[in-house]
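J.: Mind having a look at this structure? Questions to follow.
There are 2 protein chains.
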Amino acid sequence: MNVEFINPFIASLTNVLKTMAQTELKPGKPKKKSDTIAHGDVSGMIGLVGESIQGSLSITFEESLALEIMHRMLGEKPTEIDDDVSDMVGEIANMVCGGAKLALAEHGHEFGMATPIVVSGKNHSINHLVDGPKMIMPFTHECGTAYLEICFNK
Amino acid sequence: MNVEFINPFIASLTNVLKTMAQTELKPGKPKKKSDTIAHGDVSGMIGLVGESIQGSLSITFEESLALEIMHRMLGEKPTEIDDDVSDMVGEIANMVCGGAKLALAEHGHEFGMATPIVVSGKNHSINHLVDGPKMIMPFTHECGTAYLEICFNK
């Protein structure tokens, strides 16, 4: 998986959170995921299907960060992850993926997006089953950490 | 979402577990998911993308049932959900979805499958974000319960 493929997702995530939630996330170093595991409390996931590629994307938030983003985006601050937070995380995943999809289409990489799935549960972990490289990248904020994971079978 | 669309997934799940793990699951009643939430410990998820449809599938297992299936499929019985169990659950989701895809293609319903994502975490819950009906169906076994969820935006 090359940088040309990854960068639009990174740019899209920072852009979506900046414009929608006035939240500046500090990008960490992208790593090939091997032993590194994203643990978080709420994750938005989207399946990706193209003519010749398949893949998946996930964005995992620690609870404290998800609640802060909820507060900044919608003005409410629930005390725990509820249906509204879950919906928001799914929408963020959708916007991030949609932004990257547009940018990648300009370079001839076309794929379709499945509908988002959101998982809520204290300290869950995610395993992308793909026959190809997996990229994981932390994004830090004073309220907590988010992890972006992308993988494609090419 | 009509029965013609749902039945191949139900048949494929019971068939995969019967042939691969000698495990007979008892299908419960399919319901439109509204308040009904699948809680489980390990879930295999796959995004679905067709020309005019998008959707998602998940199969959620209680830990006790996942470990028993692992024992029957591979002869090992880990004491908790580890990477091998996670991989197995992803493969089951892949086989179930692949079987249903073949059956549906015969009726002119074509879609592509994303790569599976597996989430592990005690008692997590799943929220499929789709603008359309969501179907949830329990499958019971003496070792625990599995939940199949399917949704499409049409």
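Line by line, the protein sequences are chains A and B. Oh and the first sequence: position 113 is 113 in the UniProt record's numbering, straight run, nothing missing. Oh and the second sequence: position 140 is 140 in the UniProt record's numbering, straight run, nothing missing. The beta-carbon is built from N, C-alpha and C at its ideal position, and this holds for glycine as well.
(1) Using a Cβ cut-off of 8 Å, pull out every chain B residue sitting near aspartate 87 of chain A, in sequence order please.
(2) Output, in chain order, the set of chain B residues within a Cβ distance shorter than 8 Å of glycine 55 of chain A.
(3) Rounded C-beta distance between glycine 47 of chain A and valine 49 of chain B? I'm assuming under 8 Å.
(4) I want to verify the contact list: residues of chain E whose CB lies under 8 Å from the CB of asparagine 153 of chain B, in sequence order.
(5) Please report how far the alpha carbon of histidine 109 of chain A lies from the alpha carbon of histidine 128 of chain A, in whole angstroms.
(6) Could you check whether the stretch 130-139 of chain B touches the stretch 71-83 of chain A, counting it as contact only if at least three pairs of C-beta atoms, one from each stretch, sit closer than 8 Å?
(7) Given that isoleucine 46 of chain A touches chain B, what residues does it touch there, using C-beta distances under 7 Å?
(8) Under 8 Å between beta-carbons, which chain A residues line up against residue 208 of chain B? List them in chain order, please.
(9) For isoleucine 92 of chain B, which residues from the same chain have a beta carbon less than 7 Å from its beta carbon, with the 5 sequence-adjacent residues on both sides left out?
(10) Shorter than 8 Å from the beta carbon of serine 120 of chain B to some beta carbon of chain A?
(11) Interface residues of chain A around asparagine 2 of chain B at Cβ under 8 Å?
(12) Residue 155 of chain A and glycine 55 of chain A look like a contact to me (Cβ under 8 Å); what is the Cβ gap, rounded to whole Å?
(13) Chain B partners of serine 58 of chain A, CB-CB under 8 Å?
(14) What residue range is occupied by the uninterrupted alpha helix (DSSP H) comprising serine 58 of chain B?
(15) Sorted by chain position, which residues of the same chain lie with C-beta nearer than 8 Å to methionine 95 of chain B's C-beta, five sequence neighbours on each side aside?
(16) Hey, quick one: how far does the alpha helix (DSSP H) through serine 12 of chain B stretch, first residue to last?
(17) Establish whether the CB of residue 155 of chain B and some CB of chain A are separated by less than 8 Å.
(18) Quick check on residue 158 of chain A: buried or exposed, where buried means 16 or more other Cβ atoms within 10 Å of its Cβ?
(19) At the level of alpha carbons, what is the spacing between residue 164 of chain B and methionine 113 of chain A?
(20) Grouping DSSP H, G and I as helix and E and B as strand, with all else coil, what is histidine 71 of chain B?
(21) Mind checking which residues open and close the alpha helix (DSSP H) that includes isoleucine 103 of chain A?
(22) What number of angstroms, rounded off, separates the C-alpha of leucine 102 of chain A from the C-alpha of glycine 144 of chain B?
(23) When the cut-off is 8 Å and only beta carbons count, does serine 52 of chain B lie next to chain A?
(24) Between the stretch 12-36 of chain A and chain B, which residues of the former have a C-beta closer than 8 Å to a C-beta of the latter?
(25) Please work out which residues of its chain come closer than 7 Å, Cβ to Cβ, to residue 189 of chain B, disregarding the five sequence neighbours upstream and downstream, and give them in chain order.
(26) Select from A:Thr14, A:Val118, A:Asn123 and A:Gly99 the residue whose C-alpha is nearest the C-alpha of aspartate 83 of chain A.
T.: Considering the structure as presented:
(1) Within the first sequence, residue 87 of chain A is the residue found at index 87, counting from 1. Those are Asn127 and Leu129, listed as they occur along chain B.
(2) Here residue 55 of chain A is taken as the residue at index 55 of the first sequence, counted from 1. By Cβ distance, chain B contributes Ala114 and Thr115.
(3) Counting from 1 along the first sequence, the entry for residue 47 of chain A is found at position 47. Counting from 1 along the second sequence, the entry for residue 49 of chain B is found at position 49. Sure, about 7 Å apart at Cβ, within 8 Å.
(4) As a matter of chain content, chain E is missing from the structure shown, whose protein chains are A and B.
(5) Along the first sequence, read from residue 1 onward, the residue named residue 109 of chain A stands at position 109. Along the first sequence, read from residue 1 onward, the residue named residue 128 of chain A stands at position 128. Distance between the alpha carbons of histidine 109 of chain A and histidine 128 of chain A is about 21 Å.
(6) no
(7) What you label residue 46 of chain A is simply residue 46 of the first sequence in a count that begins at 1. Per Cβ cutoff of 7 Å: Gly47.
(8) Within the shown structure, residues of chain B are numbered from 1 to 154, placing residue 208 of chain B beyond reach of any answer.
(9) For the purposes of this step, residue 92 of chain B is taken as residue 92 along the second sequence, with counting starting at 1. Around isoleucine 92 of chain B: Val16, Gly44 and Ile59.
(10) For the purposes of this step, residue 120 of chain B is identified with residue 120 of the second sequence, where counting begins at 1. Interface residue, yes.
(11) As a working mapping, residue 2 of chain B is identified with position 2 in the second sequence. Residues of chain A with a Cβ closer than 8 Å to the Cβ of asparagine 2 of chain B do not exist; the shortest Cβ-Cβ separation is about 18 Å.
(12) No information on residue 155 of chain A is available, as it lies outside the stretch 1 to 154 that chain A covers here.
(13) Here the question's residue 58 of chain A lines up with position 58 in the first sequence. Result: Ile117.
(14) The residue given as residue 58 of chain B occupies position 58 in the second sequence. Where serine 58 of chain B is concerned, there is no enclosing alpha helix (DSSP H), although the beta strand (DSSP E) it sits in stretches over 54-61.
(15) As a position in the second sequence, residue 95 of chain B is number 95, starting the count at 1. Closer than 8 Å at Cβ, skipping near neighbours: Ser12, Val16 and Met20.
(16) By one-based count along the second sequence, residue 12 of chain B stands at place 12. Taken as a continuous stretch (DSSP letters only), the alpha helix (DSSP H) holding serine 12 of chain B covers 3-21.
(17) Here chain B covers residues 1 to 154 and nothing more, so residue 155 of chain B does not appear.
(18) Lying before the first or after the last residue shown, residue 158 of chain A is absent from chain A, which here runs from 1 to 154.
(19) Nothing in the structure corresponds to residue 164 of chain B, since chain B is present only between 1 and 154.
(20) Taking the first residue of the second sequence as position 1, residue 71 of chain B is located at position 71. DSSP places histidine 71 of chain B in helix when its eight states are reduced to three.
(21) Residue mapping note: residue 103 of chain A aligns to position 103 of the first sequence, counting from 1. Reading off the sequence shown, one finds alanine at residue 103 of chain A, where the question assumed isoleucine. First-last of the alpha helix (DSSP H) with alanine 103 of chain A: 83-105.
(22) Within the first sequence, the letter at position 102 stands for residue 102 of chain A. Within the second sequence, the letter at position 144 stands for residue 144 of chain B. Those two C-alpha atoms are separated by around 43 Å.
(23) Counted from its first residue, the second sequence places residue 52 of chain B at position 52. Not one chain A Cβ lies under 8 Å of serine 52 of chain B.
(24) For the stretch 12-36 of chain A, which is checked against every Cβ of chain B, not one residue is closer than 8 Å.
(25) Nothing can be reported for residue 189 of chain B, as the shown portion of chain B is limited to 1 through 154.
(26) Walking along the first sequence from the start, residue 83 of chain A turns up at place 83. The shortest Cα separation from aspartate 83 of chain A among A:Thr14, A:Val118, A:Asn123 and A:Gly99 belongs to A:Val118.
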